[in-house]
Amino acid sequence: MSANYVNGYLLSFNTYLLQPVQYDSKIFTRVIDKHNELIVTRKPMHILRKSCISLGTTYEAAKHSAKRFFGNQHKLPIVVAYDYGYPCIFLPIYSPNSVHNIWIGLHAISNIVPSKTGCIVTLKNDKQIELPIQYASISKQFVNASMLYKHYMNERKQISQDTPNHPPF
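What follows is the structure in structure tokens.
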């Protein structure tokens with residue numbers, strides 16, 4: 000398979016998955032998105048951090064916001080950005096600090112089923128990714144990300160109800 004190599008990438012709702020891949024002594028990122036697959040010559044965490052900054056927040060702020068909602072849990076999903084008020088949430092498969100961590104967009108997951116070696120995640124583009132993680136573990140990650148999504152949508156609803164129909168000026 001010949002891959003498209005790029006030096007940078009910004010996360011969006013078109014992004015489905017960030018997976019670390021090793022090339023020689025370097026870690027690059029396999030990106031699966033709505034339309035294609037490419038290799039970014041940066042680590043997944045670099046892409047995530049740069050995307051947060053470019054889209055108006057920081058990784059630390061996103062992590063802090065998730066901790067405010069969940070408490071001091073490990074492997075928290077984060078809101079990378081908002082698009083027309085909808086939170087773009089990515090969930091880590093392993094520890095976010097791990098070089099092996101894979102980030103999956105909540106919006107990209109259409110199904111998760113157990114397999115002999117872990118689980119199979121089906122993405123919205125029908126691509127299946129087998130992951131060496133227990134089904135119960137990724138199910139918890141999916142539920143946490145869904146709860147975070149619901150929390151932000153409820154906040155959005157509350158803000159829109161509190162906002163007058165016209166600006167005060």
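Going by numbering that gives the first Met the number 0, the sequence shown opens with residue 0, and the numbers climb by one from there.
The beta-carbon is built from N, C-alpha and C at its ideal position, and this holds for glycine as well.
Since we're looking at a predicted model, the values are computed, not measured.
Integer Cβ distance of residue i from residue j, believed to fall under 8 Å
{"i": "Val78", "j": "Leu37", "result": "About 24 Å; that fails the 8 Å criterion."}
{"i": "Tyr134", "j": "Pro113", "result": "4 Å"}
{"i": "Tyr15", "j": "Leu122", "result": "5 Å"}
{"i": "Asn178", "j": "Phe69", "result": "Residue coverage of the chain in this structure runs from 0 to 168, which leaves residue 178 outside it and unanswerable."}
Start and end residues, alpha helix (DSSP H) containing residue i
{"i": "Arg48", "result": "Pro43 to Ser53"}
{"i": "Phe114", "result": "Going by the sequence as given, residue 114 is Ser instead of Phe. Segment Ile108 to Ser114 is the beta strand (DSSP E) holding Ser114; no alpha helix (DSSP H) there."}
{"i": "Tyr58", "result": "Tyr58 to Phe69"}
Cβ pair residue i, residue j closer than 9 Å
{"i": "Val30", "j": "Ile46", "result": "yes"}
{"i": "Gly117", "j": "Pro131", "result": "yes"}
{"i": "Tyr8", "j": "Ser50", "result": "yes"}
{"i": "Ser145", "j": "Ile111", "result": "no"}
Outcome for residue i when other beta-carbon atoms lying within 10 angstroms are tallied against a minimum of 16
{"i": "Val20", "result": "exposed"}
{"i": "Asn100", "result": "buried"}
{"i": "Gln160", "result": "exposed"}
{"i": "Tyr22", "result": "exposed"}
{"i": "Asp32", "result": "buried"}
Delimiting residues of the beta strand (DSSP E) encompassing residue i
{"i": "Thr14", "result": "Thr14 to Tyr22"}
Do the stretch 100 to 107 and the stretch 82 to 89 make contact, defined as three or more Cβ pairs closer than 8 Å? yes
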